[in-house]
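K.L.:
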Amino acid sequence: DVKVTQSSRYLVKRTGEKVFLECVQDMDHENMFWYRQDPGLGLRLIYFSYDVKMKEKGDIPEGYSVSREKKERFSLILESASTNQTSMYLCASSFRSYEQYFGPGTRLTVT
Amino acid sequence: DQQVKQNSPSLSVQEGRISILNCDYTNSMFDYFLWYKKYPAEGPTFLISISSIKDKNEDGRFTVFLNKSAKHLSLHIVPSQPGDSAVYFCAASSSYSGAGSYQLTFGKGTKLSVIP
Chain Z
1 DVKVTQSSRY LVKRTGEKVF LECVQDMDHE NMFWYRQDPG LGLRLIYFSY DVKMKEKGDI
61 PEGYSVSREK KERFSLILES ASTNQTSMYL CASSFRSYEQ YFGPGTRLTV T
Chain Y
1001 DQQVKQNSPS LSVQEGRISI LNCDYTNSMF DYFLWYKKYP AEGPTFLISI SSIKDKNEDG
1061 RFTVFLNKSA KHLSLHIVPS QPGDSAVYFC AASSSYSGAG SYQLTFGKGT KLSVIP
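Chain order of the listed sequences is Z and Y.
In terms of the working numbering, the first sequence is numbered consecutively and its last residue is 111.
In terms of the working numbering, the second sequence is numbered consecutively and its last residue is 1116.
1) Return the CA-CA distance between Z:G103 and Z:E30, expressed in angstroms with no decimal places.
2) Can you tell me the Cα-Cα spacing of Y:S1113 and Y:S1080, whole angstroms?
3) In the DSSP output, what is Y:A1092 paired with across the bridge?
4) What did DSSP end up calling Z:D38 once you bin it into helix, strand or coil?
5) Could you name the residues of the segment 1045-1059 of chain Y whose beta carbon sits closer than 9 Å to any beta carbon of chain Z, in the order they occur along the chain?
6) Three Cβ pairs or more, each shorter than 8 Å: is that satisfied between the segment 9-27 of chain Z and the segment 36-53 of chain Z?
7) For Z:K57 and Z:L11, what's the separation of their Cα atoms in angstroms?
8) Over what stretch of residues does the beta strand (DSSP E) that includes Z:M88 continue unbroken?
9) Are the CB atoms of Y:G1107 and Y:Q1002 within a distance shorter than 9 Å?
10) Would you kindly check if the distance between the Cβ of Z:S80 and the Cβ of Z:K18 is under 9 Å?
11) I'd like to know whether the C-beta of Y:Y1025 is nearer than 9 Å to at least one C-beta of chain B.
12) Going by the CB atoms, is the gap between Z:K13 and Z:L109 shorter than 9 Å?
13) By the DSSP assignment, the beta strand (DSSP E) with Z:H29 in it spans what residues?
14) For Y:N1027, does the three-state DSSP call read helix, strand or coil?
15) Along chain Y, in chain order, which residues have C-beta atoms closer than 9 Å to that of Z:F99?
Set out below in C-alpha cells:
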C-alpha cells in the first residue's frame, strides 16, 4: 500500500512565524502536490513537483514556497504565516498516473 | 473561473436507495476524470475514474457516467450505505497540460449523507 505521511496532524502557529509542513511518500513517486482545503472552496492546488528540485506553481501559490531535495520528501513553507492561511493542508503523490494518493492532512491554525 | 463545478453542496439519501452525484466541467481539454471520497479528518481516497474515450465505468456499487457533449459526469452509488456518508470530490485532468505533471483540478465537493 502507498503511504503518504505528513509531519503533523494539528499545528498552531502565531502570525508572522515561519512554518514548515513536511510530506513523505514511500513509493518512489515522481509527482508530489500540496493542496489546501477550505469549506465551500474544495481542494485548491498550491504547488506541485514532478521531479527532485523541480517545482511548479499551482492555482494559489502566493504566500507559500516549496522544497524538494529528495524524491520522497516535499515540504511546504509559509514564510510569514497569516491568519488567512488557517486551513487544512493536504499532500499527495502520484506515479505517472492521474490517481493521486493523499496524506491524512495537517490542520493549521494561525492566531 | 471554476473549471470543475459540483453545484450541489449536499445530498441526503435513504439507505438502500441510489445516490447520484453530479459534476460539470467547462474546459474541453479535460480528458480524464476521477472521483474521490473524503471522511472528516482524513485525506481524500480515490474511488473511481473514467477516460474520455469511455462513457461509463463501473466498480462494484459505484458507476461513473460521462457525457462529453454536455461536459457532465455523474457518480451513481447503488445501493447506498451509511458508510458512504462522506464528501465526494470530482476531479479532472488534461493530458495536454504537459510536463508530465498529472495535475488535477477539483470541484468544491458534495457532502453525501446516507440515512439509515
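We treat Cβ as the ideally placed atom computed from N, Cα and C, and that holds for glycine.
P.N.:
For this structure:
1) 16 Å
2) 10 Å
3) Y:F1033, Y:T1105
4) The answer is strand: DSSP assigns Z:D38 an E or B state.
5) In summary, the residues of the segment 1045-1059 of chain Y whose CB is separated from some CB of chain Z by less than 9 Å are T1045, F1046, S1049, in the order they occur in the chain.
6) The answer is no - the segment 36-53 of chain Z does not touch the segment 9-27 of chain Z, with fewer than three Cβ pairs under 8 Å.
7) 24 Å
8) 87-94
9) yes
10) Going by C-beta atoms, Z:K18 is nearer than 9 Å to Z:S80.
11) No chain B appears in this structure, whose protein chains are Z and Y.
12) A small fix is needed here, since residue 109 of chain Z is Thr in this sequence, not Leu. Yes.
13) Counting along the chain, Z:H29 falls outside any beta strand (DSSP E), and DSSP gives it neither H nor E.
14) It is coil, neither helix nor strand.
15) A quick correction: the sequence has Glu, not Phe, at residue 99 of chain Z. By Cβ distance, chain Y contributes L1034, F1046, S1049, Y1102.
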